[in-house]
Amino acid sequence: MQLALEPLDVARWQFGVTTVYHFLFVPLTISLSALTAGLQTAWVRSGNEKYLKATKFWGKLFLINIAMGVVTGIVQEFQFGMNWSDYSRFVGDIFGAPLAFEALIAFFFESTFIGLWIFGWDKLPKKIHLACIWMVSIGTILSAYFILAANSWMQHPVGYRYNPKTKRAELTDFWTVLTQNTALAQFFHTISAAFLTGAAFMIGIAAYHLARKRHIAVMRSSLRLALVIAVVAGALTAISGDTLGKVMFKQQPMKMAAAEALWDGQNGAPFSIFAVGDVSKGHNSVEIEIPNLLSFLATDDFHAYVGGINDVNKQEQQKYGPGDYRPNIPVAYWGFRWMIGFGVVSIGVGAAGLWLTRRKFWLAPAHRTGDDEVPHLMLTKNGQLGPRLSRWYWWIALWTMVFPLLANSWGWIFTETGRQPWVVYGVLRTRDAVSPTVSTGEVFTSLIVFTLLYAALAVVEVRLLLKYAKAGPAELTDDDRRSPTRIGGDGGDADADRPMAFSY
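Residue numbers (UniProt numbering): 1 to 504.
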């Protein structure tokens, strides 16, 4: 049997691969920039060198990550013109404004201040240098907002009119595009998840060093900060996810039904824990459910009506014409559960760590090994050096850094595949958005090239992160301590002849 691939099929695979790969770096960039800025603020305010060490260590990992994010993000722009020219033509007037703002912020605003931060350690006054990294953090968040506003328009198109002569969507209200409830809900959910991702990343690396009794002072502070952020961001992710789910139910009822494998609408719809079904026959053969919970999650009413896949499909056929308006049900169903599952585990590890490292542990008598203080948390019952926390927690904490990345990936897979067969919901079908003159062979070739290139970049990225993460924070030099930036000076004439140093 031969498998016939159309350009549409390969183009979707290519966009999916490159998008999921790119989004591995985006949440880390957003969160690590803010966490680094917070640690540098702690150093500026306290003068404690452990915060300076932490700033430089996490800042180094942030720079490695943002470089890879920029490289992989550029490919996204090219794909619109290469494989999705009809889509680009249709949405060009709408996407032009938010993507222009994103480009200005990402490539001018962020790049300017990140350059000042990298090269300004020995030149800029302490507070101005600190302001640079905060501006980078603000820039990453604003950049994310404009991208999410554009994506939200694909989920719920507003603020436009359709021109039948040009067959294009034309922008009529940019403010509505930026501030619609879909964009706001998606932004807060994505940003909360990004900080959960960065916190888990920090927890994992800190746990690695603390389990080996290395860099105790720096990693203890980093771990505590990350645990607090994980719990707070996790709670906000759950709250914003609930809000986004209610918005999704109103705007895309098919996506909600597919996420729960709810085939037939009913009052008091149950939340599915586990289901095995037959898509061709439109029903489940195995179901484990919590009664009425889906209705409550969708509407805040345990007895409200929630439409099923079969019902909504008939409604959309009447509205949009003949066709199958169901997405890939297994992908939507399991993608939704993997997103929630990995997210909940990450929050749980953060909450457990916050309890196990509560204040009375940190303030217990400490022993000293070299330059680091070893708190009571790190002593065994016999008084020997060793993690008081069970080794199982250190290992779980180490692997937790991967869980939010998986949750983010499955979340975006669910978001985008659950909208199918629409690329712009209710307006433009995916099959009508692909480039008409691109052949299957051409798209397949670019898919292979991008996949191999991204695999090579992944090896580089992982090796760099592993190298510097395992090495831990470097010891401060005498130049570090004498630097005008670090002692609060303003540069002065005495420093005018010193060469500008790349801090990493």
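Just so you know, even glycine gets a beta-carbon here, dropped at the ideal spot from N, CA and C.
On a predicted model such as this, the values are computed, not experimentally measured, just so you know.
Residue i versus residue j: straight-line alpha-carbon distance, rounded
i: Leu297; j: Thr243; result: 9 Å
i: Phe95; j: Val423; result: 14 Å
i: Ala169; j: Asp86; result: 12 Å
i: Trp395; j: Gly350; result: 13 Å
i: Pro375; j: Gly38; result: Low confidence applies here, because Pro375 scores a pLDDT of 44, under 50, leaving its location unreliable and the question unanswered by this model.
i: Val10; j: Arg214; result: 48 Å
i: Tyr425; j: Phe57; result: 44 Å
i: Leu420; j: Val427; result: It should be pointed out that residue 420 corresponds to Gln in this sequence rather than to Leu. Each residue's Cα considered, the two are about 12 Å apart.
i: Gly81; j: Ser221; result: 47 Å
i: Arg326; j: Leu52; result: 53 Å
i: Thr299; j: Asp93; result: 34 Å
i: Leu104; j: Gly115; result: 15 Å
i: Val312; j: Val231; result: 37 Å
i: Val344; j: Trp338; result: 10 Å
i: Phe444; j: Leu5; result: 9 Å
i: Ala304; j: Leu294; result: 9 Å
i: Ile128; j: Ile205; result: 29 Å
i: Tyr160; j: Ala97; result: 13 Å
i: Phe414; j: Asn284; result: 20 Å
i: Lys60; j: Gly73; result: 20 Å
i: Glu77; j: Phe119; result: 29 Å
i: His367; j: Lys50; result: The predicted model places His367 with a pLDDT of 43, which falls under 50 and marks its position as unreliable; any figure quoted below should be read in that light. Near 17 Å, if we compare the C-alpha coordinates of Lys50 and His367.
i: Met256; j: Trp392; result: 37 Å
i: Glu406; j: Leu457; result: According to the sequence displayed, residue 406 carries Leu and not Glu. Cα to Cα, Leu406 sits roughly 19 Å from Leu457.
i: Leu124; j: Asp173; result: 42 Å
i: Lys167; j: Arg89; result: 9 Å
i: Arg431; j: Ala106; result: 31 Å
i: Ala455; j: Lys314; result: 43 Å
i: Ser280; j: Asn310; result: 11 Å
i: Met135; j: Asp122; result: 19 Å
i: Met154; j: Trp84; result: 14 Å
Beta carbon of residue i nearer than 8 Å to that of residue j
i: Leu35; j: Met202; result: yes
i: Gly441; j: Ser346; result: no
i: Ser439; j: Gln14; result: no
i: Pro7; j: Val434; result: yes
i: Leu223; j: Leu210; result: yes
i: residue 513; j: Thr400; result: Because the chain is modelled from 1 through 504, residue 513 falls outside the range shown and cannot be assessed.
i: Thr55; j: Leu227; result: no
i: Phe336; j: Pro404; result: no
i: Phe146; j: Phe101; result: yes
i: Leu130; j: Thr41; result: yes
i: Ala144; j: Thr190; result: yes
i: Lys126; j: Val44; result: yes
i: Val75; j: Ser409; result: no
i: Phe108; j: Leu148; result: no
i: Trp263; j: Gly308; result: yes
i: Phe185; j: Val247; result: Before going on, a small fix: residue 185 reads as Ala here, not Phe. Going by C-beta atoms, Ala185 is nearer than 8 Å to Val247.
i: Ile64; j: Leu465; result: yes
i: Val17; j: Thr451; result: yes
i: Ala397; j: Gly348; result: no
i: Ala258; j: Gly411; result: no
i: Ala150; j: Leu225; result: no
i: Ala261; j: Gly277; result: yes
Terminal residues of the alpha helix (DSSP H) in which residue i lies
i: Ala131; result: Lys126 to Gln155
i: residue 526; result: Nothing in the structure corresponds to residue 526, since the chain is present only between 1 and 504.
i: Trp121; result: Run containing Trp121: none; DSSP gives neither H nor E here.
i: Asp9; result: Pro7 to Phe23
i: Ser409; result: Phe403 to Thr417
i: Ser446; result: Thr440 to Ala471
Start and end residues, beta strand (DSSP E) containing residue i
i: Tyr325; result: Careful: Tyr325 lies outside any beta strand (DSSP E) and carries neither H nor E.
i: Trp84; result: Unbroken run through Trp84: none, as it is neither H nor E.
i: Trp422; result: Trp422 to Val424
Exercise for the section: Determine contact between the segment 68-78 and the segment 446-461, defined as no fewer than three beta-carbon pairs at a distance below 8 Å. Expected result: Three or more beta-carbon pairs separated by less than 8 Å link the segment 68-78 to the segment 446-461, which places the two stretches in contact.
Problem - 4 or more residues per run - each alpha helix (DSSP H) lying fully within the segment 245-293 - result: If we require 4 residues or more, the alpha helix (DSSP H) runs fully inside the segment 245-293 come out as 253-259.
Exercise for the section: Specify whether the segment 186-196 and the segment 20-30 touch according to this definition: at least 3 beta carbon pairs, one from each stretch, less than 8 Å apart. Expected result: Three or more beta-carbon pairs separated by less than 8 Å link the segment 186-196 to the segment 20-30, which places the two stretches in contact.
Handout entry: Segments assigned alpha helix (DSSP H), at least 4 residues, entirely inside the segment 163-218
Key = Every alpha helix (DSSP H) stretch that sits fully inside the segment 163-218 and reaches 4 residues is listed by chain position as 174-179 and 181-211.
Handout entry: Given 8 Å, three or more beta-carbon pairs between the segment 177-187 and the segment 243-257
Key = By the criterion of at least three beta-carbon pairs nearer than 8 Å, the segment 177-187 is in contact with the segment 243-257.
Handout entry: Three CB pairs or more closer than 8 Å across the segment 325-333 and the segment 284-302
Key = Fewer than three pairs of CB atoms, one per stretch, sit closer than 8 Å, so the segment 325-333 makes no contact with the segment 284-302.
Problem - Three or more C-beta pairs below 8 Å linking the segment 316-328 and the segment 264-272 - result: Short answer: they don't touch.
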